[in-house]
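These notes are about the structure you will find just below.
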Amino acid sequence: MSISVATMPELITPSWRERARRGDRRLIVPGGLFLFYLLAALIVPLVWPWGANAIHLGGRLQAPSFAHPFGTDEFGRDMVARFFTGARLSMLVGLSSVSIGGVIGMVIGSVAGLSGGILDAIVMRGLDTLLAFPALILGIAIALAIGPGVLAPAIAVTVASIPWYARRVRSEVLSLKTRTFFDAEKLMGWGRTHVLWHHVFPAVIDGVVVQASLAVGYAVLTVAALGYIGLGVQPPTAEWGSMIADGQTYLLTGQWWLAVIPGIGLLLLVALTIRLGDALAGRLAYSV
Amino acid sequence: MKRYVVRRIGATLIVIWLVSVGSFLLFRLAPGDPARLVAGPLASPAAVASIRHQMQLNESPINQYLGYVDDLVHGNFGTAWHLHQSVGSLLVQRLPATAELALYASILGILGGVLIGALAAARPGTLFDRITGYAAIVGLGTPVFWLGLVLILIFYSHLGIAPVPIGRLSLTTTPPPHVTGFLTIDSLLAGDFSALGDALAHLALPVITLAIPIAAYLARVTRASVLEVYDSDFIRTARAKGVGERRVLFRHALRAGFLPVMTLAALSIGDLLSGAVLVEAVFNWPGVGGLAVESIAAHDFAPVEAIVLIAALTYCILNLVTDLLYGVVDARIRLDGGSSTVVRRMSRRQFSRSPSGTGDVDGVVQA
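Note that the protein sequences, when read in sequence, are chains A and B.
Residue numbering for the first sequence follows our numbering, beginning at 1 and increasing consecutively.
Residue numbering for the second sequence follows our numbering, beginning at 1001 and increasing consecutively.
Printed below as a string of structure tokens:
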């Protein structure tokens, strides 16, 4: 069993700078690759000579070449531009959903764990209810309610991630509550807000970070899956899932790259974030 | 034990009620016109008005909710207008195809994942451990719908050894007489081995596609879980008294480490439903998941609403069954003695049902 941060707060004293100085290869390699990927997604669409939505009917379905390294699609659009524009969208939705979901989940879990009693019971049943809707199913339901578009998958992956954070944080808070300093705080007359900000959040943030790094991949995959079944980002916006759906028409007629290349982009991104999550978990003394 | 069972069933009933409230809020009270959504874009204003009346949308929200629940309890999920059939009969018709796919995929995924994870935990740091570790990350990172397409590209298009990825049987094969709805079992019962072979050939690629993320996930869970058990005193005792390594792994470590794995396996079967939606779409599988995607494409939302609700309820029930089974397994192992501290520690962790049970594996299942 890992030594959880909650039970040994002494372990979390080293600052981020000290941790970086120790130099953890396991963290640096996937972290560096992820940053590189992120930068490429931000920069390539800006500097690449072809636009993601520029149609050239004269150059339809071209195989990968020097001018178009990933080929062109059925409208002659350059797949490199579309690939990295799609990457930018996936990363944006993935990162913002885990940050928002992480903060909401952390607050819900902390408050429920601190309060206990009836409030805790109500929150837990609510979280169980959210867990009953897997992210993809929730995304389908939300897309039906508010219409397809980028918002439905973004809301779905954010909401679906909340119970995972909240449950993790709650269980850490419950173990924090058994510690002496907690009673000492009460005796000194500090209120709940102070305890939350000065003791609970700092103690649980590591767990939330680990959870978030693992949730990014799940979020990215769900957004792509909703795009694939046509309920996510709508054309002509470049998005990996809908690019795969468009490309599958040409899968068996020889233009395999249209569907295969966006999938490799997804696979690399998600594998990288899982690897990063593993490394973070090891670094922050969570069991791997 | 009895109190625990009653409490779990009570909690599940509350969650099921909340699921019905949540889906009602999403589908009936959301902005937009639910009657138009169910009637379809081509329905005449009169037809929409009649459906609005039928769905009691002119009533107060409370009455609407009561009517909604009444419909659900009576299995009245409306009509799939693009197929001219009631959603209830469609679901009954389509369910066996999904169940057969999910059954084989979960067997393959659970057996493969647990075995790989246990063997990797027995040799931490070796080449096998590292290769399977990376393979599990790749397996988790693979979008299932894309994996299905790539398998079709390789095994059907290039190698030509897989059948046309449409449906459960080739057009030329006569389906076996309907008994269970599982084509493999029905054809065995009928003694029709050519139909059996055809059904298995059609099952192979979708089952593998669906099983890979589950196997990858469970390999990671099992490895972490078994490694943790390896640290405990009873394993050292077993080794000290001369128990062989293989027996230590499969009889002692895996058995104690299997408890959290079992829970997560059952929950990943719940997630299998969302995987099935995508895999059935890729392989044109005539199941419930494929129905969802077809209906979305046809802007026919009554079947989709029903499928969302069924997925959530299936999850609740699986969750309950695992929790209850867990109590049973837990008690049996405790009776055997020997591993009580480990079991107690792990069961406490599991009962609290923190998804963080095994550290590295949270959250990422499959999309």
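Note that the Cβ used here is the ideal one computed from N, Cα and C, for glycine as well.
Take residue 1100 of chain B and list the residues in its own chain whose beta-carbon comes closer than 6 Å to its own, dropping the five residues that flank it on each side. The residues are 1182.
Against chain B, does residue 102 of chain A count as a neighbour if the rule is that its beta carbon must be under 9 Å from one of theirs? Residue-level contact by beta carbon fails for residue 102 of chain A and chain B, as no gap is shorter than 9 Å.
Considering only C-alpha positions, which residue in the set A:258, A:128, A:255, A:266 is nearest to residue 219 of chain A? By alpha-carbon distance to residue 219 of chain A, the top candidate from A:258, A:128, A:255, A:266 is A:266.
I'd like to know if residue 1304 of chain B contacts chain A, where contact means its C-beta is closer than 9 Å to some C-beta of that chain. At least one CB atom of chain A sits nearer than 9 Å to the CB of residue 1304 of chain B.
For residue 65 of chain A, which residues of its own chain have a beta-carbon under 8 Å away from its beta-carbon, when the five flanking residues on both sides are left out? Its chain contains 71 as the residues whose beta carbon lies nearer than 8 Å to that of residue 65 of chain A, once the 5 sequence neighbours on both sides are disregarded; these appear in chain order.
For residue 5 of chain A, which three-state DSSP category applies? Caution applies to residue 5 of chain A, whose pLDDT of 45 falls short of 50 and renders its modelled position unreliable; the value that the coordinates give is listed next. When DSSP states are grouped into helix, strand and coil, residue 5 of chain A belongs to the coil group.
Hey, would you say residue 284 of chain A sits closer than 9 Å to residue 169 of chain A, going by beta carbons? By the CB criterion at 9 Å, residue 284 of chain A and residue 169 of chain A fall outside the cutoff.
In chain B, which residues lie with their C-beta within 8 Å of the C-beta of residue 257 of chain A? The contact set of residue 257 of chain A on chain B, defined by CB atoms closer than 8 Å, is empty, because the minimum CB distance reaches about 11 Å.
In terms of residue numbering, what span does the alpha helix (DSSP H) encompassing residue 1372 of chain B cover? Here chain B covers residues 1001 to 1367 and nothing more, so residue 1372 of chain B does not appear.
Output, in chain order, the set of chain A residues within a Cβ distance shorter than 7 Å of residue 1301 of chain B. The contact set of residue 1301 of chain B on chain A, defined by CB atoms closer than 7 Å, consists of 144 in chain order.
Mind checking residue 1245 of chain B: buried by the 16 CB within 10 Å criterion, or exposed? Taking a 10 Å sphere around the C-beta of residue 1245 of chain B, we find fewer than 16 other C-beta atoms and assign the residue as exposed.
Per-residue DSSP class, three states only, for residue 1046 of chain B: In the three-state reduction of the DSSP assignment, residue 1046 of chain B falls in the helix class.
Any idea if residue 1004 of chain B is buried or exposed, counting beta-carbon neighbours within 10 angstroms, 16 or more meaning buried? Around the beta carbon of residue 1004 of chain B, a 10 Å sphere encloses fewer than 16 other beta carbons of the protein chains shown; the residue is thus reported as exposed.
Can you find a CB in chain B that lies within less than 9 Å of the CB of residue 64 of chain A? Output row for residue 64 of chain A: interface = no.
Would you mind telling me which residues of chain B sit closer than 7 Å to residue 274 of chain A, beta carbon to beta carbon, in chain order? Residues of chain B passing the Cβ test: 1137, 1140, 1141, 1364.
In chain order, what residues of the same chain have a beta carbon less than 6 Å from the beta carbon of residue 57 of chain A, not counting five sequence neighbours either side? Closer than 6 Å at the Cβ level, and outside the excluded window around residue 57 of chain A, lie 76.
Please report how far the alpha carbon of residue 244 of chain A lies from the alpha carbon of residue 227 of chain A, in whole angstroms. Roughly 9 Å between the two C-alpha positions.
Buried versus exposed call for residue 1223 of chain B [16 or more other C-beta atoms within 10 Å across all chains shown]: Buried: at least 16 other Cβ atoms inside 10 Å.
Residues of the region 1270 to 1284 of chain B with Cβ closer than 9 Å to any Cβ of chain A, in chain order: Residues 1270, 1271, 1273, 1274, 1275, 1277, 1278, 1281, 1282.
For residue 275 of chain A, the first and last residue of its enclosing alpha helix (DSSP H): Residues 257 to 283.
Which residues in chain B have a C-beta closer than 7 Å to the C-beta of residue 125 of chain A? List them in chain order. The answer, in chain order, is 1011, 1014, 1015, 1018.
When Cβ atoms are compared, which residues of the region 188 to 210 of chain A fall closer than 9 Å to chain C? Of the protein chains in this structure, namely A and B, none is chain C.
Is there at least one Cβ from chain B nearer than 9 Å to residue 271 of chain A's Cβ? The beta carbon of residue 271 of chain A sits closer than 9 Å to some beta carbon of chain B.
Report the rounded CA-to-CA distance for residue 78 of chain A versus residue 68 of chain A, giving the unit in angstroms. Those two C-alpha atoms are separated by around 6 Å.
Apart from the five residues on each side of it in sequence, which residues of its chain come closer than 7 Å, Cβ to Cβ, to residue 1187 of chain B? These residues qualify, in order along the chain: 1176, 1195, 1196, 1199.
For residue 1056 of chain B, does the three-state DSSP call read helix, strand or coil? Assigned with DSSP and collapsed to three states, residue 1056 of chain B falls in coil, not helix or strand.
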